[in-house]
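Working notes for the structure below.
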Amino acid sequence: MAVTSNIERLAARLGVETGSRKIGRTTLTRLSIYYGATLLVVAGFIVLTDNMKGALLTGGAAADAGALVNANPAWSDLAPAFLAPLIRTLPPLLTGAAAVIGSFLLALPVAFTYVRTRNRLKYDQSLVQTVIMLPVVISAILIVVQNSLALAFSLAGIVAAVRFRNNLKDSRDAVYVFAAVGIGFAAGVGRLAIAAFLSIFFCMLELLLWKMDLTADHEHTFGMLCMPVPRSAPASNAVATLPAVSGDASEASPSADTGLLAIGGGNPEPGNGEAKRPAERLLVYCTDPDKARAVADDVLEKMTKGYKLKKTRNGGNDQYVLEYRVRFRRKSPSETVIDRLHAAGPFVIAAEVVAEEHEEKS
Amino acid sequence: MVTLAIPLSVHDHVRGRVDAPLTLVQYGDFQCSHCARMYPMVLEIADDLGDSLAFALRHFPVSQIHPLAQRAAEAAEAAASQGRFWEMATELYENQEELDDDRLTRCARKADLDIKRFKKEMMSGIHASRVRADYLGGVRSAVNGTPTFFMNGQLYEGPHESAAVVAQLLKASRGR
Chain P
1 MAVTSNIERL AARLGVETGS RKIGRTTLTR LSIYYGATLL VVAGFIVLTD
51 NMKGALLTGG AAADAGALVN ANPAWSDLAP AFLAPLIRTL PPLLTGAAAV
101 IGSFLLALPV AFTYVRTRNR LKYDQSLVQT VIMLPVVISA ILIVVQNSLA
151 LAFSLAGIVA AVRFRNNLKD SRDAVYVFAA VGIGFAAGVG RLAIAAFLSI
201 FFCMLELLLW KMDLTADHEH TFGMLCMPVP RSAPASNAVA TLPAVSGDAS
251 EASPSADTGL LAIGGGNPEP GNGEAKRPAE RLLVYCTDPD KARAVADDVL
301 EKMTKGYKLK KTRNGGNDQY VLEYRVRFRR KSPSETVIDR LHAAGPFVIA
351 AEVVAEEHEE KS
Chain W
1001 MVTLAIPLSV HDHVRGRVDA PLTLVQYGDF QCSHCARMYP MVLEIADDLG
1051 DSLAFALRHF PVSQIHPLAQ RAAEAAEAAA SQGRFWEMAT ELYENQEELD
1101 DDRLTRCARK ADLDIKRFKK EMMSGIHASR VRADYLGGVR SAVNGTPTFF
1151 MNGQLYEGPH ESAAVVAQLL KASRGR
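Which chain is which? The protein sequence lines are P and W, in order. Counting in the numbering used here, the first sequence runs without a single skipped number right up to 362 at its last residue. Counting in the numbering used here, the second sequence runs without a single skipped number right up to 1176 at its last residue.
Below you can see the structure in the form of structure tokens.
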């Protein structure tokens, strides 16, 4: 903790975005209070509109309005031609207003979550406003379209005519747009409860993912998801096997103390009482495997008894490793060959002879 | 992901505590201008973070393009044998335009070294093997240029700027 705070202080001094992933009590409290109040409003809307029945302009709703007018003789006496249509529009208007206001209220926390989880560089003001306005517009459109196939086709035509391109700063921003669409859609078809659930679930999930910073590190995620769980082996053993899996250059180099030959010198430490090895393992580190191989083959052809390229592997960071099995001559030992390899061209970064036994591990 | 083949140890030239929770290993070349630009920045970060960070400087003289880098690295090692590695490294980076033997001696004098001993060690080439070992350790860690940094054993591939390095250290500290 102290380490992190030290670096955070330094980061703040350098103006580095620390990207603190503490959600904080204030955020959660505000969200909870807001959602509590919004859910009450939504529940009120559902009760007032009789579970959003007016969302669909059915014959039933129109008939109800007509019955209301007919049941009140005073109203029918006043101006039936004027008042009846007005009264008939009231239930759908109320339901429509509930849907639009509900979608707006439920979209606000989504926008809030966006602001909370983005740093200054990735923050996009237009996206915040889009997330707030999109559900309102979509729910209004859906109320207008309702069950009319003709209107739906007209809408599709209109939407197809509007073309715009907008590059999102972060691909994850698209999820917010989809969430806004979902809320607007649910509210528009009279499913305010679904819209409320979507809003709450989305915000909670997004905050959780952001806080945990899931899948940020590929190695860790890969190890967690794809590597077998060690049964009773100590943790250190599990770590030791990782380089071999990743194909890292370090797999051939278990420690600095192995009998290696640096360029231009160094003596390989002979094995303790080990028998003579007819062939040794030569690693050639290079930047261009094809060109380095041509150089290395030429040198090995002239200076060794025999050689064979066993494999070429990517060491990472644009570096390749040519792995040879070589039988050195007495008069041109490995040090001389390595010197020659280094002098042969710029593609060879270094070469070393490693003990044969290490190959069995890889 | 590329990892550090040779872990940080007491044999390294470390600024801060070797067992610090965060480690930053730099493979550097005393003739490399990028290294010279980064060196004071990293040093400042290391000093700011104190015991929270172990910063180690390892040699990676790219002799093909920097013919004097190997000798400069040996000079730094000679200074290390007198306990003045960081002072000498600073001098070498500040005078990297010409690092011939005369300049190396002048740097050694500025770093307050025992010049007689320094010259003797430079003549004998006693530190060449250490520099080569560092180089080969770098090669094994897939280092192919300088400066190359490893944070907590992982290759750092971000921009060579203080803010970016600190941001990555912050991330590493949270990922511990």
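For every residue, glycine included, the Cβ atom is placed at its ideal position computed from N, Cα and C.
Query, Result
"Short CB-CB distance (under 8 Å) between aspartate 1012 (chain W) and chain P", "no"
"Status (buried if at least 16 other CB within 10 Å, exposed otherwise) for methionine 1122 (chain W)", "buried"
"Backbone secondary structure at glycine 306 (chain P) - three-state DSSP", "strand"
"Nearest residue (CA-CA) to glycine 1016 (chain W), options W:Asp1048, W:Ser1033, W:Asp1112, W:Leu1004", "W:Asp1048"
"Chain-ordered neighbours of alanine 11 (chain P) on chain W, where CB pairs are closer than 7 Å", "Val1166, Ala1167, Leu1170"
"Endpoints, the beta strand (DSSP E) within which phenylalanine 1149 (chain W) is located", "1148–1151"
"Collapsed DSSP secondary structure at isoleucine 1186 (chain W) in the structure displayed", "This structure cannot settle anything about residue 1186 (chain W), because the visible part of chain W is limited to 1001 through 1176."
"is_contact[glycine 44 (chain P), chain W] using C-beta, thresh 8 Å", "no"
"Whole-angstrom distance between glycine 96 (chain P) and isoleucine 143 (chain P), CA atom to CA atom", "6 Å"
"8 Å Cβ cutoff, glutamine 1064 (chain W) in contact with chain P", "yes"
"Contact list for valine 1025 (chain W) against chain P, beta-carbon separation under 8 Å", "Correct list: empty, because the minimum Cβ distance to chain P is about 13 Å."
"Contact list for tyrosine 285 (chain P) against chain W, beta-carbon separation under 7 Å", "Val1139"
"First through last residue of the alpha helix (DSSP H) which encompasses glycine 184 (chain P)", "173–188"
"Nonlocal neighbours in the same chain, by C-beta distance under 7 Å from valine 1143 (chain W), ignoring five residues either side", "Tyr1027, Phe1060"
"Within chain P, partners of aspartate 1102 (chain W) - CB distance below 9 Å", "Chain P residues near aspartate 1102 (chain W): none, gap ~24 Å exceeds 9 Å."
"Buried or exposed (CB count within 10 angstroms, at least 16 for buried), tyrosine 1156 (chain W)", "buried"
"is_contact[proline 346 (chain P), chain W] using C-beta, thresh 8 Å", "yes"
"Secondary structure of asparagine 147 (chain P), DSSP reduced to three states", "coil"
"According to DSSP, residues forming a beta bridge with leucine 1155 (chain W)", "W:Phe1150"
"Delimiting residues of the beta strand (DSSP E) encompassing cysteine 286 (chain P)", "280–286"
"Range covered by the beta strand (DSSP E) that runs through threonine 1023 (chain W)", "1022–1028"
"Under the three-state DSSP convention, the category histidine 342 (chain P) falls into", "helix"
"Residue environment, serine 32 (chain P), which counts as buried when at least 16 other CB atoms sit within 10 Å", "exposed"
"Proline 1147 (chain W) classed as buried or exposed, judged by whether at least 16 other C-beta atoms fall within 10 angstroms", "buried"
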